[in-house]
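**Student:** Below is one structure. I have some questions about it.
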Amino acid sequence: MTNNAFEDAKKQLRQAQAVLGFSDAEYDQLANSRREVAVSIPMRRHDGSREILHGYRVQHNMTRGPAKGGVRFAPNVDLDEVRALAMLMTWKCSLLNLPYGGAKGGVNVDPRNYSDHELERITRRYTAEIIPIIGPDIDIPAPDIGTNEQNMAWMMDTFSVAKGHTVLGVVTGKPISLGGSQGRAASTSRGVEVIALRALEKAGLDPKNTTASVQGFGKVGRGAARFLFDDGVTITAVSDMYGGLVNPAGIDIPALEKFVDETGKVVGFPGANPATGDDILEADVDLLVPAAVEGVITEENAARIKARVIVEGANGPTTPEADAILNAAGKMVVPDILANAGGVVVSYFEWVQSNQSNWWSLEEVEDRLRVRMNSAWDDVDAYAEEKGLSLRTAATVMAVERVLAAHNMRGLFP
Ligand code: GLU
Numbered sequence: 024m025t026n027n028a029f030e031d032a033k034k035q036l037r038q039a040q041a042v043l044g045f046s047d048a049e050y051d052q053l054a055n056s057r058r059e060v061a062v063s064i065p066m067r068r069h070d071g072s073r074e075i076l077h078g079y080r081v082q083h084n085m086t087r088g089p090a091k092g093g094v095r096f097a098p099n100v101d102l103d104e105v106r107a108l109a110m111l112m113t114w115k116c117s118l119l120n121l122p123y124g125g126a127k128g129g130v131n132v133d134p135r136n137y138s139d140h141e142l143e144r145i146t147r148r149y150t151a152e153i154i155p156i157i158g159p160d161i162d163i164p165a166p167d168i169g170t171n172e173q174n175m176a177w178m179m180d181t182f183s184v185a186k187g188h189t190v191l192g193v194v195t196g197k198p199i200s201l202g203g204s205q206g207r208a209a210s211t212s213r214g215v216e217v218i219a220l221r222a223l224e225k226a227g228l229d230p231k232n233t234t235a236s237v238q239g240f241g242k243v244g245r246g247a248a249r250f251l252f253d254d255g256v257t258i259t260a261v262s263d264m265y266g267g268l269v270n271p272a273g274i275d276i277p278a279l280e281k282f283v284d285e286t287g288k289v290v291g292f293p294g295a296n297p298a299t300g301d302d303i304l305e306a307d308v309d310l311l312v313p314a315a316v317e318g319v320i321t322e323e324n325a326a327r328i329k330a331r332v333i334v335e336g337a338n339g340p341t342t343p344e345a346d347a348i349l350n351a352a353g354k355m356v357v358p359d360i361l362a363n364a365g366g367v368v369v370s371y372f373e374w375v376q377s378n379q380s381n382w383w384s385l386e387e388v389e390d391r392l393r394v395r396m397n398s399a400w401d402d403v404d405a406y407a408e409e410k411g412l413s414l415r416t417a418a419t420v421m422a423v424e425r426v427l428a429a430h431n432m433r434g435l436f437p
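Numbers given in the working numbering equal positions in the sequence shown, counted from 1, plus 23.
Encoded structure:
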């Protein structure tokens, strides 16, 4: 979304380089994508007019396994944003010990302005253009902002028709009726909850005496708000892309969910007062969960963030400059590659199930997700304490080190 998301991702890689001391040549290899594809998507609108949309698929790294990452449909998608998000996927998969590299895709389109039929055509044409570079052993897309299980069903169908047989393992985040996994839809939110509870524990905060603000009420923020509400956290501020709400006494999240199901937005909910985006980020709370888009906590507003603990549900919500300000102010910032990894962890479980045609129960999925998230937290927290690093630098260093080790064992071809 921001123009400099890729520059920000590279700054984070430089910080890992400063700790690990790898060469500039190794930095260059990690700073550049392995493969980038840009496609045109010619589109016939309902009224018969034509337009050309622009899409991308970037495979940042494939050293530890096939590339993995979502596909975003949003109006600000560009190549640099997709590059940044692909790099973050490499670190996320490495940190969680998933046998994947990182990728990301995107189409520059505002899905709110298109009918379902039009979105189906866009999804199928985008998929058709990237068929040569995706597949269960090559690169496995998944949902992200602006896409959902329906888009994944269309992608799977388009790929399967081209191959002449059903290929369930080509995408994850599929509907349950089509080889999806139990627990995938809520998995990112569930992971955010697990990590937020660990972070609160480390900060000495009891969830039942904790207030929280959640930016974003979509695939990540809504579930995170609900799960934390169920844990006894008082959610005093929430927002979605249309506006925000505050209620210092706490927002009834199940009631808000019902309201959003009926109206499509949080704005107008009777149990809270209207608020701006800044009110949500700068709310006087213990815990802030930015769960919308990248680049929202910046140099400009970081000093006004009051929360002691920030758990990144979104990818890249904090710029490196803002991160430094928050660290200097003694805030605990739990980075995206740890906090929101629950989605790709259950994507991995879905891929394993799809490839084996062997399905797990919801309990099995959730138990395995909790084990992975808790052990990633333990590893990052211990490493950060041992080396005196922030959680973000510790997580990035651990992830980059594994990728580098794999690079060096494989060597260079030819
Ligand atoms: N889009 C999600 C993310 O950013 C999930 C990616 C996936 O499951 O491959 O982590």
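Idealized CB from N, CA, C, for every residue including glycine.
(1) Could you tell me the boundaries of the beta strand (DSSP E) in which N171 lies?
(2) Given 7 angstroms as the limit, tell me if T195 has its C-beta closer than that to any heavy atom belonging to ligand 1.
(3) If the criterion is Cβ atoms closer than 8 angstroms, does the pair T192 and W374 meet it?
(4) State the Cα-Cα distance for the pair V269 and S210, rounded to the nearest angstrom.
(5) Does the distance from the CB of T86 to the CB of R433 come in under 8 angstroms?
(6) Beta carbon of N370: closer than 7 angstroms to some heavy atom of ligand 1?
(7) What are the boundary residues of the beta strand (DSSP E) that D346 is part of?
(8) Could you please give me the residues that DSSP links to H77 through a beta bridge?
(9) Thinking C-alpha only, which one of V100, L228, T170 and K91 is nearest G241?
(10) Which runs of the alpha helix (DSSP H) at least 4 residues long sit entirely within the segment 90-157? Give them in chain order.
(11) DSSP three-state label for Q238, please.
(12) Under 7 angstroms: does the beta carbon of G366 sit that close to some heavy atom of ligand 1?
(13) Does DSSP put D70 in a helix, in a strand, or in coil?
(14) Can S204 and V369 be called in contact, C-beta distance under 8 angstroms?
(15) Are there 16 or more other CB atoms within 10 angstroms of the CB of I274, so buried, or fewer, so exposed?
(16) Buried or exposed for T189, going by 16 or more other Cβ atoms inside 10 Å?
(17) In angstroms, rounded to a whole number, what distance separates the CA positions of K508 and A272?
(18) Quick check on the burial criterion: 16 or more other C-beta atoms within 10 angstroms. Buried or exposed for E104?
(19) Please report the residue range of the beta strand (DSSP E) in which M355 lies.
**Tutor:** Concretely, from the data shown:
(1) First-last for N171: undefined, no H or E at that position.
(2) yes
(3) Reading off the sequence shown, one finds Gly at residue 192, where the question assumed Thr. Yes, these two residues count as a Cβ contact at 8 angstroms.
(4) Roughly 26 angstroms between the two C-alpha positions.
(5) yes
(6) A quick correction: the sequence has Ser, not Asn, at residue 370. Yes, ligand 1 has a heavy atom inside 7 angstroms of this Cβ.
(7) Note, D346: premise wrong, no beta strand (DSSP E); alpha helix (DSSP H) at P343 to A351.
(8) Answer is S63, bridged to H77.
(9) Just measuring C-alpha positions, the residue of V100, L228, T170 and K91 sitting nearest G241 is T170.
(10) 102-118 and 139-153
(11) strand
(12) Checking every heavy atom of ligand 1 against the Cβ of G366, one is found closer than 7 angstroms.
(13) coil
(14) yes
(15) The residue in question, I274, is buried, as its Cβ has 16 or more Cβ neighbours within 10 Å.
(16) exposed
(17) Since the first residue shown for the chain is 24 and the last is 437, residue 508 is missing from the structure and cannot be characterised.
(18) buried
(19) M355 to V357
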